[in-house]
Structures are given as structure tokens and as C-alpha cells.
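These notes concern the structure reproduced below.
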Amino acid sequence: MNAHDLDRLRPRLPSPLEVVEDERFTRLGLALLLKRDDLIHPDLPGNKWRKLSLNLRAAAGRPVLSFGGAYSNHLRATAAAGRLLGFRTLGVVRGEELAGRPLNPSLARCAADGMRLLFVDRATYRAKHEPAVLAGLLRQAGAPEDVYVVPEGGSNALAVEGCTELGRELAGQADVAAVACGTGGTLAGLAAGFPGLALGVPVLKGGFLGEEVRALQTAAFGGPRGDWRLDERFHCGGYARTTPALDAFAEDFGARHELAIERLYVAKMLWGLVALAEEGAFAPGTRIAAVVTGAPEPQAVSSR
Ligand SMILES: *Cc1c(COP(=O)(O)O)cnc(C)c1O
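So, in C-alpha cells, the structure goes:
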């Protein structure tokens, strides 16, 4: 079995690009397109496929260890890839207090897919990429010698390279491509492959993301690439935080376009786009592609 050949899973690539009629854009002469990366694969949706593909090829069937929070889409995608392609997976999860509790639906899915989970305290988790701390974690996790380590959120040079394809798929189709940012890996790759403006909407508070994107582009390409910028106004208080206005917006957008909107990332990006359009940030005639990087949370393992 080719444990590293993600293409065997028949991804839907290039992902579909849909024109949506939304009067908040059309009345300004703007075209809104949805880049449906959420449809790439049911178990490895969105940017997680693009970020994992070259990494799994590099891992070549070896066990894969990665890191994430209690609701990490990246850990879930990694675990699913392991089950589907037949390689071992290990997940280091932030929060030792989670160890004694029933698993939430996201972690339960990881475990059901065969991922071995190790829960660590926040200080250790923060220091995880320091060599000594990492070595300790690998030992604790029972990781084999040949383990392939993917950083938190899956963002490394190969992940960024994988995301350049997203930009190339949008070339000639859109003038602006917007994406929600966690680690910034997807934006770093998108911007490098896209000839227009790549717009990142961070879902975390902090203002550190520009540095991260530059560092990831340097790691992947040796220096900055593409035309990108961030708009830091739409995080709604930080990761997994929401406001009644954002919830109402996501409900309404979903109802208008018959599409369940993922709340942690996609909703904030779409909200930012509507606000920017209203502010007159885009010239009439601009084609804006909103990258739908993921689908809403799975409810429970039994529901699949
Ligand atoms: C992981 C994720 C992101 C963030 O991607 P980064 O490359 O970490 O910036 C955006 N949207 C969804 C739905 C995700 O799961």
C-alpha cells in the first residue's frame, strides 16, 4: 500500500469555484465567488488536504506525529489520513486537564481513527518545538525512531508549497482571494501562487501573524512572495470566540446561500469581506474569491 499517496483518495481538485448572488456585493458591482475547498475530501477538508499532501509524501508511510488544540481540524485530518492510508498517527494535545475527561467529538474522532493522544500542560505545549522538549514529548508519546513530525496546525515549508496550488487554481478567475488565518500557512502559499491580492483574516488576536507569514514564505521559498495583506479587525475576541453579531451573520449567510458556515474561521473571513465591501475597499468590477477552508464541526463519531 502506498501510505503516502493521498491522491489515491480521489480528491476533488481543482476544488469547485461557485458564483454566489449576494446583493451586498452585486449592488457595488462586485462579484463574490466561493472557492469550495471544503469539498476536496469529506475526511480531509479544505486547506488541511493541501497542507498535508506534500508532508505525507515526505513521510512516505512512516508514523506521523503532530500537535493541536482540543478542537484541532489539523489533528482530525491527520488521523483520518492515517486511517485511510494505513500509517500510524500520534497527536500531542494542548491541555493536560483533558486527559481524565470524556473526549470531545473532535478528539473522539481522532481516537476512533486510531490516533494515539498525549495530553500536555500549556507550558510544555508552548515549548514543544524546542529540541529538548520535543525529544521528551516523543518519548512520552511512545513515538518510534522514524516518526515524521509535522508542526502545529500543519504549517511548514511543504505545507506552504502545497497551498500554492490553491493560488494557481484561482489565477485568472479572481482578482482578490480571501482566506481565514490560523497559523498563516495557507495564506503564505496562496499568496505565492496567486497573481492578484491575497487577503488574510486572522482569527486569533495578537498582531503576530505578519511575522509568521513572512517566516513561512522564507522557509518555503527563500523570501517573500506575492501580494498579500492582513486585516486584523475580524477575530471577534480571539480563537473560538464569537459575538452575537457574528453568529447572526453566519446564520444569515448560510440561509441565503444554503451552505452551513464553519464558525471558527470561515465565518470571520466572510464577515470581514462584507465589511470591507461596505467600506468601499474594492473597486467596482473586482472579482473576490472567498476560500471556504472547511466545513462545520462533526457532531459525534456515531453520526457519520
Ligand atoms: C486550519 C484552518 C484554517 C487556518 O489555516 P492556517 O494555514 O493555519 O492559517 C482556516 N480555516 C479552517 C476551516 C481551518 O481548519
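Mapping the sequence shown onto the working numbering, position 188 (from 1) lands on 170, and the numbers just tick up by one. Where a beta carbon is used, it is the ideal one built from N, C-alpha and C, also for glycine.
Rounded Cβ spacing between residue i and residue j (contact assumed at less than 8 Å)
i, j, result
"residue 202", "residue 170", "7 Å"
"residue 242", "residue 278", "5 Å"
"residue 375", "residue 57", "For the chain, the structure presents residues -17 to 286; residue 375 sits outside this window and is missing."
"residue -9", "residue 66", "6 Å"
"residue 145", "residue 6", "No, residue 145 and residue 6 are not in contact; Cβ-Cβ is about 28 Å, not under 8 Å."
"residue 224", "residue 245", "6 Å"
"residue 78", "residue 102", "6 Å"
"residue 147", "residue 175", "6 Å"
"residue 213", "residue 178", "The Cβ separation is near 16 Å, so there is no contact."
"residue 10", "residue 259", "6 Å"
Where the beta strand (DSSP E) containing residue i begins and where it ends
i, result
"residue 183", "179 to 184"
"residue 0", "-1 to 2"
"residue 71", "71 to 76"
"residue 163", "158 to 163"
"residue 187", "Run containing residue 187: none; DSSP gives neither H nor E here."
"residue 90", "Element bounds for residue 90: not the beta strand (DSSP E) but the alpha helix (DSSP H), 87 to 94."
"residue 16", "13 to 17"
"residue 271", "269 to 273"
Residue i: CB within 7 Å of a non-hydrogen atom of ligand 1
i, result
"residue 239", "no"
"residue 169", "yes"
"residue 17", "no"
"residue 56", "yes"
"residue 197", "no"
"residue 183", "no"
"residue 53", "no"
"residue 221", "no"
"residue 86", "no"
"residue 60", "no"
"residue 224", "no"
"residue 92", "no"
"residue 247", "yes"
"residue 262", "no"
"residue 127", "no"
"residue 8", "no"
"residue 147", "no"
"residue 218", "no"
"residue 30", "yes"
"residue 268", "no"
"residue 13", "no"
"residue 275", "yes"
"residue 244", "yes"
"residue 236", "no"
Span of the alpha helix (DSSP H), counted from its first residue to its last, around residue i
i, result
"residue 167", "167 to 175"
"residue 47", "Segment 46 to 50 is the beta strand (DSSP E) holding residue 47; no alpha helix (DSSP H) there."
"residue 7", "5 to 8"
"residue 209", "Run containing residue 209: none in the alpha helix (DSSP H); it sits in the beta strand (DSSP E), 209 to 212."
"residue 121", "113 to 122"
"residue 110", "Careful: residue 110 lies outside any alpha helix (DSSP H) and carries neither H nor E."
"residue 235", "226 to 239"
"residue 83", "Neither: residue 83 is in no alpha helix (DSSP H) and is coded neither H nor E."
"residue 142", "139 to 152"
CB of residue i within 8 Å of CB of residue j, strictly
i, j, result
"residue 24", "residue 276", "no"
"residue 75", "residue 52", "yes"
"residue 164", "residue 188", "no"
"residue 117", "residue 98", "no"
"residue 182", "residue 158", "no"
"residue 269", "residue 13", "yes"
"residue 0", "residue 18", "yes"
"residue 20", "residue 62", "no"
"residue 149", "residue 173", "yes"
"residue 29", "residue 168", "yes"
"residue 39", "residue 22", "no"
"residue 198", "residue 273", "no"
"residue 34", "residue 89", "no"
"residue 140", "residue 37", "yes"
"residue 186", "residue 220", "yes"
field: Contact between the stretch 68 to 79 and the stretch 44 to 54 (3+ Cβ pairs under 8 Å)
entry: Touching, per the Cβ criterion.
task: Mind the definition here: the stretch 221 to 236 touches the stretch 246 to 253 only if three or more C-beta pairs lie below 8 Å; say whether that holds.
output: yes
query: Just checking, does the stretch 122 to 134 make contact with the stretch 146 to 153 on the three C-beta pairs under 8 Å criterion?
result: no
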